[in-house]
Amino acid sequence: MSKKSFRQAINEAMRLEMRRDPRVIIMGEDVAGGQGGSSGVVDAWGGVLGVTKGLYTEFGPERVLDTPITEASYIGAAAGAAATGLRPVAELMFVDFVGCCLDQIMNQAAKFRYMFGGKARTPLVIRAMFGAGFNAAAQHSQALYPLFTHIPGLKVVIPSSPYEAKGLLIEAIRDDDPVIFLEHKVMYDDEEEVPDEAYTIPFGEANLTREGDDVTIVAFGRMVKLANEAADKLERQGISCTVIDPRTTSPLDRDTILDCVADTGRLVIVDESSPRCNMAADISALVAEEAFDALKAPIRRVIPPHTPVPFASVLESLYLPDAAKIEAAVKAVMNHKVTEAA
Amino acid sequence: MSKKSFRQAINEAMRLEMRRDPRVIIMGEDVAGGQGGSSGVVDAWGGVLGVTKGLYTEFGPERVLDTPITEASYIGAAAGAAATGLRPVAELMFVDFVGCCLDQIMNQAAKFRYMFGGKARTPLVIRAMFGAGFNAAAQHSQALYPLFTHIPGLKVVIPSSPYEAKGLLIEAIRDDDPVIFLEHKVMYDDEEEVPDEAYTIPFGEANLTREGDDVTIVAFGRMVKLANEAADKLERQGISCTVIDPRTTSPLDRDTILDCVADTGRLVIVDESSPRCNMAADISALVAEEAFDALKAPIRRVIPPHTPVPFASVLESLYLPDAAKIEAAVKAVMNHKVTEAA
Amino acid sequence: MQIARETLLRSYRAMRTIRDFEERLHVEFATGEIPGFVHLYCGEEASGVGVCANLTDNDTISSTHRGHGHCIAKGVEVSGMMAEIYGKSTGVCRGKGGSMHIADLSRGMLGANGIVGGGPPLMCGAALSHKTLKDGGVAVAFYGDGASNEGSTLESLNLATVWKLPVVFVVEDNGYGEATGSSFAVAGTQKARAEGFGMPYMECDGSDFFAVYQTAGEAIAHARAGNGPVMLHVHLARWYGHFEGDAMTYRAAGEVAEAKRDHDCLELFRKKVTEAGLLEHSDLDAIDEAVRDEIESSVIAAKAAPLPGPADLLADVYVRY
Amino acid sequence: MQIARETLLRSYRAMRTIRDFEERLHVEFATGEIPGFVHLYCGEEASGVGVCANLTDNDTISSTHRGHGHCIAKGVEVSGMMAEIYGKSTGVCRGKGGSMHIADLSRGMLGANGIVGGGPPLMCGAALSHKTLKDGGVAVAFYGDGASNEGSTLESLNLATVWKLPVVFVVEDNGYGEATGSSFAVAGTQKARAEGFGMPYMECDGSDFFAVYQTAGEAIAHARAGNGPVMLHVHLARWYGHFEGDAMTYRAAGEVAEAKRDHDCLELFRKKVTEAGLLEHSDLDAIDEAVRDEIESSVIAAKAAPLPGPADLLADVYVRY
Ligand SMILES: Cc1ncc(C[n+]2csc(CCOP(=O)(O)OP(=O)(O)O)c2C)c(N)n1
Ligand SMILES: Cc1ncc(C[n+]2csc(CCOP(=O)(O)OP(=O)(O)O)c2C)c(N)n1
Ligand SMILES: [Mg+2]
Ligand SMILES: [Mg+2]
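Residue numbers (this note's numbering), protein chains in the order written: chain D, 1 to 342; chain H, 1001 to 1342; chain E, 2001 to 2321; chain R, 3001 to 3321.
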């Protein structure tokens, strides 16, 4: 056990699994870096933000494969390799680049098993960074997990801390289905205590990061921390919140969410993805259908506006959910007065 | 005015707009067909299901462009042409093929205007057929409109009849933003009275296909007809329904939906797209946030299971929403008894 | 070229099976009983069979929307294929895939594919498995002239060279992608494209089993020996429409007739092997008859087979969820 | 080769502007005041400027993540660019695009692009506009050696030939895509790829303005005359890291130093024009000074400019919604 960053935790998950299982390989653009360079230095980058650093040195070119800038072919290759005996962890760098390889994810990897009548296994992990807050502008700041969650056949993981990241990534690598593993780019330097050994966190089991009586907050990834910050403040004002980190959007731990709403009767969902057809909508609909009678107030969503992610810091901050917006939403549902007979 | 099929209505919309504005061009795989063939017959296909038939003959090769099978480059070309003075209507054939060109739609066409500070216009229409019911299996039967609806910068149109198709497509072609126009492949032979001249149907204005007191049903595309069939049956059983066809999922006519729910207090949403993060969720969340106090019962969704679309007819029928499932959902919300104090 | 008698018999049988399978589908489709899209491989049999005669179950292939021939050539069981096309629970994919998604991983057949250009990236991956696991296998991506323009295909040519993968890219060039001629849609040449991505190029007449068998043999041997990818360009003609129901007005009247008359791979095979004294007419006639029976009973069985049930709808989306 | 004095002066000024703009950004970035990713074009100036010296506002270009040079070469206003990079409301994109999305359609500049391979399809479209509207314009897609492998790029080479579009594909080959050398990532050759897609290939030394200007002139004239697309392969070196913050450990110690010493396009230009008596040192010095002032005041103005406000967040997603 020692303090590890989100980056280190993810790196360690891959390293341990590569040691454990020779079929685990990693690939992606500059996951080592330096191939074909004039200095002869390999593992020059270890990923564009250094997440795979050192893996090339330990596992060599047969298991750490740099790729040309050709997402369709290498993500497809990862899918094909997964269906034929390897367990690839492919890095898509920015999740925004899924536009260049969606077919291989959506129509190939995700559908093999079903289309082939249950006869295929595709133990593929696709890692990508997502999210706003880095001034990376419209093409490098999207969340996009609703797209993946929408597609049957995929599993979708959004770790909210270093500890979560390590356990969930090891689970993802050992899982026999295609998994999209999304790392918030603003979190790579976040630190917390993380065990040195391998451990897994099962999919579809939400983490109750705090329990309260008044309002249930569901949040994803980086938003979990913000939700807890808001809950801290609210606590001091006498409002007690449950904060749920679902960990995986697909499968989704429906029961925990429904149970908590049954207890609190109020729900706020925090989602940094674009507002239409997103996870906030997905969970709201679940609750409005399955826990309707428990609801004492409208379901509030803390979500960005329906715009691309803007570049300027000042706009990006306005765009993103934050603790103040969450706090306001919680107060709004607490203050809700029924205006009409239900 | 005369009876026209969905196919003819769409064809006519393109033809009239091409006559009206020389900047309107169409492109796609086999939108004419026969280029490079040994018989010398051009316009051999007029689209894989004959929707663009005859346009080549009238407008010639400069305005009806067959493409190689390269969706990224020709959809991107359509976007580039739209930003530089033309008004392309590009056919993607099956919407499932968006996996091969999503980047050009999501990161290029949809974002130009915002990223460029309002200085671009991209009057692009992408037509594609969607939906199950044709035994076309998992890679040729998806709905996928939630993906497009999720992306800021796109407009998304789903016509529910020949009349609707013609008016909405003309509107789409005259619109200055990128529009995704989705045609249900099972509807091409549906017929109804359609005016011969050009007319437009504005985006973001839902069509109340019937009005009732008890339950509001929102349905899209082919589901509108099924919702009305169910409503007919329910009417005879004393249950009176409003059926809303939003026509466009983006922009969405929120007001009409909220008003109707305010009146009926009950909502059923019929959506044939995959169930997670879909339009049913989107509308449910809207209502659970904005019309909560009016709700007398849980919001029910009539949606497919979280599986790829199966091939066999018997499975595909089980997969899809139908009138019977809609009827059952309406009855369920009518029969809802509050089990817990709200 | 020396070819074992066993290989000749097996290859002829595979080609005949494809032919009869497809022509029977053509007839059955017209009755309206077969659902969905059906793309026939008829006329192209020698390509799939000539290539796959150089492969074992340890090797992997990917196919296309026009996949029946590759499946049969790679050893997928015919009655399971027929049942699949009829959407029955006895189908190789339990009725959930249909014509465009027939697969059998136990045979190294990673699926027909409804997406043009879907297969080449997958075969880079299969080749990577073979290379990494050092199992001696090679991967073969079959794709059409139309698919040769797709970005996914072109990227894969590059990736395969960069990673020096044991993969053979077989361009089955029948001159058309749907209703569009390759003389319109394919700029430049396949040969120059192979060079553009640094790989050897070979080509052959796809109606001549022996030409395909030998050329593919060289290509596959090259890849198998660890020398990297090869492009094999096979010249073909398709005998039916793009899919069943296509009137083919884009093709000259005599085009198909000529292909049938002068380039029937089965006739050419029979002529060659009998003239060379490698096989007797009676050997081939016996195969013809056996195949006729096999197809007949596969259709009867498919029609009689049970439909999938509600449990099948939800099964097998995930290994575990 | 005859080049008008006006063109020489304008081109030198553009190259000097790019150089100073970029080197100033390098300094300013280190202070932490500039948000986001910044990719410098320094060292590659003669390519963008040599190509664009053959274009007018009626022609269209697309650029890449490394877009500042192309923007300046195509005439985008420098102070608006600087303000954009600082995320200010006076930026050409009102602070909503940033370094990777600078565009100015009134100058025929359809944007830097954060997506590798994003531009070539767009330029097929711009070329289609020029061809259809018969306005005499051509389109130029700038992209890197790394981008030359992307499916979207390769598909576009094919589409451009099939449609016989007035487009020039300019491969700016600086030997690296991020930290990966093109000797690893690019199989085959650009020349063979051009042939693979049926288009003429030209190449030139990207540190020599005159070589670029002339070769690009021929390529553009070919396209403008209606003869279809051309590939122009420009050999370059980048002087800084892939993005600001890159330590460049993958490059040999002397690589950049040598490029700066022997292949500085500004030095080479100065030497050529003064030796040939086309311009005086004083002409160039005057430009150097003017540019120095321009960049200085653009930075001062950018720093002082107002931030965008809440209304900007919601504005301009659509023309109408
Ligand atoms: C990505 C994608 N685009 C378009 C299609 C529609 N489509 C199916 S087959 C086909 C033609 C393929 O031509 P070719 O590769 O030459 O194969 P052939 O049909 O001649 O065997 C097309 C365009 C598709 N299935 N997938
Ligand atoms: C589709 C996509 N994949 C990957 C990236 C990340 N990326 C940005 S620049 C770059 C390298 C591009 O290399 P090259 O085309 O040679 O241009 P250069 O940077 O050398 O100018 C990469 C991989 C991206 N922006 N888009
Ligand atoms: Mg073909
Ligand atoms: Mg480069």
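We put the beta carbon where it would ideally sit given N, CA and C, even for glycine.
Between the alpha carbons of residue 201 of chain D and residue 1079 of chain H lies a gap of roughly 44 angstroms. Less than 8 angstroms divides the Cβ of residue 3217 of chain R from the Cβ of residue 3054 of chain R. At least one beta carbon of chain E lies nearer than 8 angstroms to the beta carbon of residue 1137 of chain H. Cβ contact annotation for residue 1063 of chain H (same chain, cutoff 6 angstroms, sequence separation greater than five): 1025, in chain order.
In the DSSP assignment, residue 90 of chain D falls within the unbroken beta strand (DSSP E) covering 87 to 94. For residue 49 of chain D, the closest C-alpha among the options D:204, D:127, D:149 and D:330 is that of D:127. For the pair of segments examined, the stretch 264 to 277 of chain D was found to touch the stretch 290 to 303 of chain D: the number of CB pairs separated by less than 8 angstroms reaches three.
Less than 8 angstroms separates the beta-carbon of residue 316 of chain D from that of residue 133 of chain D.
Shortest gap from the CB of residue 3145 of chain R to any heavy atom of ligand 4: under 7 angstroms.
When C-alpha distances from residue 1010 of chain H are compared across H:1136, H:1091 and H:1029, the shortest belongs to H:1091.
If you check the C-beta of residue 2177 of chain E against ligand 3, you find a heavy atom less than 7 angstroms away. Between the alpha carbons of residue 2002 of chain E and residue 3188 of chain R lies a distance of about 35 angstroms. Within chain E, the residues 2177, 2178 and 2180 have their CB atoms less than 8 angstroms from the CB of residue 1029 of chain H, given in chain order. Distance from the CA atom of residue 192 of chain D to the CA atom of residue 3068 of chain R, rounded to whole angstroms, is 40 angstroms. Close CB contacts of residue 1308 of chain H within its chain, under the 7 angstroms cut and outside five residues either way in sequence, are with 1138 (chain order). Taking 8 angstroms as the threshold, the shortest C-beta distance from residue 3168 of chain R to chain E does not fall below it. Nearest to residue 3293 of chain R by C-alpha distance, out of R:3009, R:3010, R:3016 and R:3007, is R:3016. Residue 1161 of chain H carries a coil assignment under DSSP once its states are collapsed to helix, strand and coil.
Residue 2153 of chain E counts as buried, since no fewer than 16 other beta carbons sit within 10 angstroms of its beta carbon. Contact check for residue 115 of chain D against residue 2039 of chain E fails: the beta carbons are separated by 8 angstroms or more. In this structure, residue 3064 of chain R has its beta carbon less than 7 angstroms from a heavy atom of ligand 2.
Among the residues of the stretch 3181 to 3215 of chain R, those with a Cβ less than 9 angstroms away from any Cβ of chain E are 3184, 3185, 3186, 3187, 3188, 3189, 3190, 3191, 3192, 3193, 3194, 3195, 3196, 3197, 3198 and 3199, in the order of the chain. Per DSSP, reduced to three states, the secondary structure at residue 3101 of chain R is helical.
In the DSSP annotation of this structure, the continuous segment of the alpha helix (DSSP H) that includes residue 2271 of chain E starts and ends at 2265 to 2275.
For residue 3162 of chain R, the chain E residues whose C-beta falls within less than 9 angstroms of its own C-beta are 2149, 2184, 2185, 2186 and 2187, listed in chain order. Taking a beta-carbon distance threshold of 8 angstroms, residue 1273 of chain H does not count as an interface residue toward chain E. For residue 1127 of chain H, the enclosing beta strand (DSSP E) begins and ends at 1125 to 1130. Below the 7 angstroms Cβ cutoff, chain H contributes 1152 as neighbours of residue 306 of chain D, in chain order. Counting C-beta pairs with one atom in each stretch, the stretch 1243 to 1253 of chain H and the stretch 1203 to 1211 of chain H have three or more that are closer than 8 angstroms, which means they touch. Runs of the beta strand (DSSP E) spanning 3 or more residues and lying entirely within the stretch 1230 to 1258 of chain H occur at 1241 to 1245 and 1248 to 1250, in chain order. For residue 1025 of chain H, a Cβ of chain R is located within less than 8 angstroms of the residue's own Cβ.
DSSP places residue 301 of chain D inside the beta strand (DSSP E), whose first and last residues are 300 to 302.
Near chain H, meaning a CB-to-CB distance below 8 angstroms, the residues of the stretch 3292 to 3318 of chain R are 3315, 3316, 3317 and 3318. The beta carbon of residue 142 of chain D sits no closer than 8 angstroms to any beta carbon of chain R.
DSSP, reduced to helix, strand and coil, places residue 176 of chain D outside both helices and strands of the structure shown, so it counts as coil. The C-alpha of residue 3114 of chain R lies about 15 angstroms from the C-alpha of residue 3145 of chain R.
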